[in-house]
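Enquirer: All letters in the sequence shown, in the order written, are residues 1 to 472 by this note's numbering. Backbone N, C-alpha and C define an ideal beta-carbon position, used for all residues, glycine too. Here it is, the structure in full.
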Amino acid sequence: MSYEEQVQQLFRTDPGFASAVRLLEKLNKLKHPRVLNFSHHDLDGITSAFIVRRLLERYLDAEVVTKLPPYFKLSEESLRETLEGEGRFDLLLLTDKGTFGYYDDFLKYIDRVLILDHHPLDGRPKRCTVLNPSADRPVPAAASLLCHMLTTKLDPTDNYDDFAALIGCRGDFAFDPVQKTSVDFVRPFIERAREKFPHAFEIKLERPTMFDLLNKDRTVLINQIGEVLHAGCLAHLYNQTLGIDIPYGPELVFNFLLELAKRRDRPAEFRTIADVLGRMPKGQMLSRVFEQYKSDWNMLNRRAENTVFLDEIRDVGIYMLFAEEAPAMQATQFPAILPFVASTRLDELKLAGGHSHVMLTIFCPKERGVHISMRGGGGVLDCGAMCYQLASHLRDLYPEREGIGGGGHDRAAECVVDKPVPMYAVMHELLALVQEMSRIAKALESGEVTREDAEKARLLRLDRNLNVDSVS
1 MSYEEQVQQL FRTDPGFASA VRLLEKLNKL KHPRVLNFSH HDLDGITSAF
51 IVRRLLERYL DAEVVTKLPP YFKLSEESLR ETLEGEGRFD LLLLTDKGTF
101 GYYDDFLKYI DRVLILDHHP LDGRPKRCTV LNPSADRPVP AAASLLCHML
151 TTKLDPTDNY DDFAALIGCR GDFAFDPVQK TSVDFVRPFI ERAREKFPHA
201 FEIKLERPTM FDLLNKDRTV LINQIGEVLH AGCLAHLYNQ TLGIDIPYGP
251 ELVFNFLLEL AKRRDRPAEF RTIADVLGRM PKGQMLSRVF EQYKSDWNML
301 NRRAENTVFL DEIRDVGIYM LFAEEAPAMQ ATQFPAILPF VASTRLDELK
351 LAGGHSHVML TIFCPKERGV HISMRGGGGV LDCGAMCYQL ASHLRDLYPE
401 REGIGGGGHD RAAECVVDKP VPMYAVMHEL LALVQEMSRI AKALESGEVT
451 REDAEKARLL RLDRNLNVDS VS
């Protein structure tokens with residue numbers, strides 16, 4: 001199936017896609033509509049914001065205000081504060097910001113809310129317009145590609161839209177150009193992008209990047225671009241280290257991409273990272289930040305050697321790394337560098353332990369509290385379900401505390417627990433959860449499953465091979 005055929009098929013079969021198209025078609029009847037776009041502050045979210053900004057300006061002649069705050073969920077308080085400063089809008093567009101039931105509440109502030117997202121649902125909005133291929137079951141994808149699909153349906157895309165979507169898919173690990181693999185949803189687009197940007201996929205015998213999890217002696221240009229821009233998202237955190245005034249990282253990357261398009265640079269002709277960064281001031285700033293990022297990476301790489309084996313559940317080895325982030329990243333509310341460094345050890349742990357799959361839990365004390373990242377998984381283990389349940393248990397223990405949240409995808413997820421919840425309590429609940437999962441998995445295997453265990457298995461997504469008839 002070609003990419004264009006996939007877009008048409010999605011329009012026919014996904015009610016959310018058709019509704020999103022109709023919403024923008026109706027909005028096109030307004031003169032110069034105002035759109036407020038909140039997007040995730042990672043590569044997938046930033047490239048999503050870039051693509052929809054250009055679509056809305058071309059197709060709707062809209063005024064677009066883009067916000068890339070350093071947190072995942074959009075709160076009602078944050079929206080209200082933004083509206084107080086920015087005025088009235090005709091559409092609230094949420095890209096790569098999760099799909100939460102309470103997003104319906106935003107309709108009391110703005111008449112139209114459109115959600116373009118690929119994360120598993122945490123509640124189902126009933127009145128917002130939602131395009132999310134994971135609405136009913138997890139479908140690995142990327143929000144930037146959903147934005148590109150919407151653009152493809154409404155208005156011709158160009159090389160800059162294509163290039164941004166490629167970066168976004170790379171940022172969310174939706175494909176591996178060195179291994180020549182991709183998740184099903186993005187495969188038609190990646191095949192198309194490979195033809196448009198062949199130099200981006202050419203093998204280079206150079207330093208491996210954060211995306212090169214299996215091959216340690218080679219990489220490709222699109223991986224290098226993704227890593228430099230990921231480091232750019234952290235740029236403002238290096239202000240003191242570098243002794244220069246650096247703008248907020250996600251906005252630096254977003255504006256760099258806008259400048260790239262404005263200058264009419266030709267992405268298909270890029271052969272090196274120097275070609276991409278060029279001589280633009282923002283490119284030079286990104287280059288300087290990247291050098292400091294590499295220094296931090298090397299330091300964290302030594303810390304990541306000290307992993308501890310916890311258990312094996314149905315041939316999935318579970319390991320833990322207890323380590324601090326780089327000094328400049330201590331205040332972050334998101335995975336900065338350490339989880340990506342640790343991820344490069346997954347294959348090494350799998351081979352050394354003789355496992356079919358490996359899950360690595362990164363337990364990271366930070367200024368705000370504890371940040372747990374889970375990477376890998378596979379088989380019966382789901383990182384997103386584990387982080388969600390861990391956060392749920394901790395909220396039950398500390399109902400008066402805010403700042404406890406968790407969730408994500410099957411192969412990558414986060415759980416954040418703010419102070420004053422004690423670090424030892426978080427560690428205790430994490431280890432108890434692993435122990436409980438091991439017990440339930442053995443019960444599933446033996447067929448001696450209670451209804452309580454069956455429900456726990458469902459919540460943790462351990463029940464893929466559960467024989468319901470055996471539940472007592």
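May I have the straight-line CA-CA distance separating Ser-470 from Val-449, to the nearest angstrom?
Expert: Sequence index remark: in the sequence shown, residue 470 carries index 470 (1-based). Sequence index remark: in the sequence shown, residue 449 carries index 449 (1-based). Confidence is the limiting factor: at Ser-470 the pLDDT is only 48, short of 50, which leaves the residue's position unreliable and the question unanswerable from this model.
Enquirer: Go ahead and pull the three-state DSSP assignment for Thr-450.
Expert: The sequence position of residue 450 within the sequence shown is 450, counting from 1. Residue state, collapsed to three classes: coil.
Enquirer: Using DSSP bridges, identify the partner residues of Tyr-102.
Expert: As a first step, residue 102 must be located in the sequence shown, where it is residue number 102. Bridge partners of Tyr-102: none, in fact.
Enquirer: Rank Lys-366, Val-358, Arg-53 by C-alpha distance to the C-alpha of Asp-155 and give the top, closest one.
Expert: Numbered from 1 along the sequence shown, position 155 holds the residue referred to as residue 155. Among Lys-366, Val-358, Arg-53, the Cα nearest to that of Asp-155 is on Arg-53.
Enquirer: Using the rule of at least 16 other Cβ atoms within 10 Å of the residue's Cβ for burial, across every protein chain shown, is Arg-12 buried or exposed?
Expert: Walking along the sequence shown from the start, residue 12 turns up at place 12. With fewer than 16 other Cβ atoms within 10 Å, it is exposed.
Enquirer: Rank Phe-89, Ala-331, Arg-137, Ser-48 by C-alpha distance to the C-alpha of Phe-254 and give the top, closest one.
Expert: As a position in the sequence shown, residue 254 is number 254, starting the count at 1. Among Phe-89, Ala-331, Arg-137, Ser-48, the Cα nearest to that of Phe-254 belongs to Ser-48.
Enquirer: Grouping DSSP H, G and I as helix and E and B as strand, with all else coil, what is Gln-8?
Expert: The residue given as residue 8 occupies position 8 in the sequence shown. Three-state result, Gln-8: helix.
Enquirer: Looking at the unbroken beta strand (DSSP E) that takes in Tyr-71, where does it start and where does it end?
Expert: For this step, residue 71 is matched to residue 71 along the sequence shown. Counting along the chain, Tyr-71 falls outside any beta strand (DSSP E), and DSSP gives it neither H nor E.
Enquirer: When burial is assigned at 16 or more other CB atoms within 10 Å of the CB, is Thr-272 buried or exposed?
Expert: Taking the first residue of the sequence shown as position 1, residue 272 is located at position 272. Burial call: exposed.
Enquirer: Put His-148 into one of helix, strand or coil per three-state DSSP.
Expert: Taking the sequence shown and counting its residues from 1, the one referred to as residue 148 is at position 148. Correct three-state label for His-148: helix.
Enquirer: With DSSP collapsed to three states, give me the class of Glu-367.
Expert: In the sequence shown, the residue the question calls residue 367 occupies position 367. Coil at Glu-367, not helix or strand.
Enquirer: Looking at the structure shown, is Asp-469 part of a helix, part of a strand, or coil, going by DSSP?
Expert: For the purposes of this step, residue 469 is identified with residue 469 of the sequence shown, where counting begins at 1. Confidence is the limiting factor: at Asp-469 the pLDDT is only 44, short of 50, which leaves the residue's position unreliable, though a coordinate-based value still follows. Asp-469 falls in the helix class under three-state DSSP.
Enquirer: I need the straight-line Cα distance from Ser-78 to Cys-128, nearest angstrom please.
Expert: Position 78 of the sequence shown, counted from the first residue, corresponds to residue 78. Position 128 of the sequence shown, counted from the first residue, corresponds to residue 128. When rounded, the distance between both Cα atoms is 18 Å.
Enquirer: Looking at the unbroken beta strand (DSSP E) that takes in Glu-312, where does it start and where does it end?
Expert: Indexing the sequence shown from 1 puts residue 312 at position 312. Unbroken beta strand (DSSP E) run through Glu-312: 307-313.
Enquirer: My guess is that Ala-193 and Val-183 are in contact by the Cβ rule of under 8 Å, so how many angstroms apart are they, rounded?
Expert: Looking up residue 193 in the sequence shown gives position 193. Looking up residue 183 in the sequence shown gives position 183. With 8 Å as the limit, Ala-193 and Val-183 do not qualify as a contact, their Cβ atoms being about 14 Å apart.
Enquirer: With the cut-off set at 8 Å, would you say Leu-338 and Ile-362 are in Cβ contact?
Expert: On the sequence shown, position 338 is the one that residue 338 refers to. On the sequence shown, position 362 is the one that residue 362 refers to. Cβ distance < 8 Å, so Leu-338 and Ile-362 count as in contact.
Enquirer: Cβ of Asp-162 within 8 Å of Cβ of Ala-142?
Expert: Working through the sequence shown from its first residue, we reach residue 162 at position 162. Working through the sequence shown from its first residue, we reach residue 142 at position 142. No, Cβ-Cβ distance for Asp-162 and Ala-142 is not below 8 Å.
Enquirer: Out of Gly-85, Glu-312, Leu-93, point me to the one whose CA is closest to Gly-146's CA.
Expert: The count along the sequence shown starts at 1 and reaches residue 146 at position 146. A small correction: the amino acid at residue 146 is Leu; Gly does not occupy that position in the sequence shown. Checking every option, the nearest Cα to that of Leu-146 belongs to Leu-93.
Enquirer: Which residues does DSSP list as the beta-bridge partners of Ser-373?
Expert: Here the question's residue 373 lines up with position 373 in the sequence shown. BP columns for Ser-373 point to Ile-362, Glu-414.
Enquirer: So, is Glu-325 buried or exposed, given that buried needs 16 or more other C-beta atoms within 10 angstroms?
Expert: As a first step, residue 325 must be located in the sequence shown, where it is residue number 325. The residue is buried, with at least 16 neighbouring Cβ atoms inside 10 Å.
Enquirer: Measure the CB-CB distance between Ile-246 and Val-276 and report whether it falls below 8 Å.
Expert: On the sequence shown, position 246 is the one that residue 246 refers to. On the sequence shown, position 276 is the one that residue 276 refers to. No, the pair does not count as a contact, with Cβ atoms beyond the cut-off.
Enquirer: Just the Cα atoms here: how many angstroms apart are Arg-170 and Ile-222?
Expert: Locating residue 170 in the sequence shown gives position 170, counting from the first residue. Locating residue 222 in the sequence shown gives position 222, counting from the first residue. About 8 Å.
Enquirer: Can you list, in chain order, the residues of its chain whose CB lies under 7 Å from that of Phe-340, leaving out five sequence neighbours each side?
Expert: As a first step, residue 340 must be located in the sequence shown, where it is residue number 340. The answer, listed in chain order, is Met-210.
Enquirer: From Ala-200 to Ala-441, what does the alpha carbon distance come to, in whole angstroms?
Expert: Counted from its first residue, the sequence shown places residue 200 at position 200. Counted from its first residue, the sequence shown places residue 441 at position 441. Going from the Cα of Ala-200 to the Cα of Ala-441 covers about 43 Å.
Enquirer: Compare the C-alpha of Tyr-424 against each of Ser-438, Val-370, Cys-387 and name the closest.
Expert: Start at 1 with the first residue of the sequence shown, and residue 424 comes out as number 424. That would be Val-370, whose Cα lies nearest to the Cα of Tyr-424.
Enquirer: Is the Cβ-Cβ distance between Leu-394 and Val-416 less than 8 Å?
Expert: Here residue 394 is taken as the residue at index 394 of the sequence shown, counted from 1. Here residue 416 is taken as the residue at index 416 of the sequence shown, counted from 1. No, these two residues do not count as a Cβ contact at 8 Å.
Enquirer: Apart from the five residues on each side of it in sequence, which residues of its chain come closer than 7 Å, Cβ to Cβ, to Leu-242?
Expert: Start at 1 with the first residue of the sequence shown, and residue 242 comes out as number 242. These residues qualify, in order along the chain: Arg-288, Gln-292.
Enquirer: Rounded to the nearest angstrom, how far is the Cβ of Leu-300 from that of Gly-232, given a contact under 8 Å?
Expert: For the purposes of this step, residue 300 is taken as residue 300 along the sequence shown, with counting starting at 1. For the purposes of this step, residue 232 is taken as residue 232 along the sequence shown, with counting starting at 1. So it is not a contact: roughly 18 Å between Cβ atoms.
Enquirer: Please list, in chain order, all residues of the same chain as Gly-98 whose beta carbon is under 7 Å from its beta carbon, the five residues on each side excluded.
Expert: Mapped onto the sequence shown, residue 98 falls at position 98. Phe-72, Lys-73, Asp-117, His-119, Asp-122.
Enquirer: State yes or no: is the C-beta of Tyr-388 nearer than 7 Å to some heavy atom of the ligand MG?
Expert: Absence of the ligand MG is noted for the structure shown, with no ligands found whatsoever.
Enquirer: Three or more C-beta pairs under 8 Å: does that hold for the segment 345-353 against the segment 396-410?
Expert: Short answer: they don't touch.
Enquirer: Can you tell me whether DSSP reads Gly-243 as helix, strand or coil?
Expert: To locate residue 243, count along the sequence shown from 1; it is residue 243. Note: Gly-243 maps to coil in three-state DSSP.
Enquirer: Would you say Pro-33 and Leu-107 are within 8 Å of each other, going by their C-beta atoms?
Expert: Position 33 of the sequence shown holds residue 33. Position 107 of the sequence shown holds residue 107. In this structure, Leu-107 does not lie closer than 8 Å to Pro-33 by Cβ.
Enquirer: Between the segment 396-405 and the segment 432-440, do three or more beta carbon pairs fall short of 8 Å?
Expert: No, because fewer than three Cβ pairs between the segment 396-405 and the segment 432-440 fall closer than 8 Å, the two stretches do not touch.
Enquirer: For Ala-385, count the other beta carbons within 10 Å of its own beta carbon; 16 or more makes it buried, fewer makes it exposed. Which is it?
Expert: Looking up residue 385 in the sequence shown gives position 385. Result: buried.
Enquirer: What do you get for Ser-373, buried or exposed, if any count of 16 or more other CB atoms within 10 angstroms of its CB means buried?
Expert: Position 373 of the sequence shown holds residue 373. By the neighbour-count rule (16 or more Cβ atoms within 10 Å), Ser-373 is buried.
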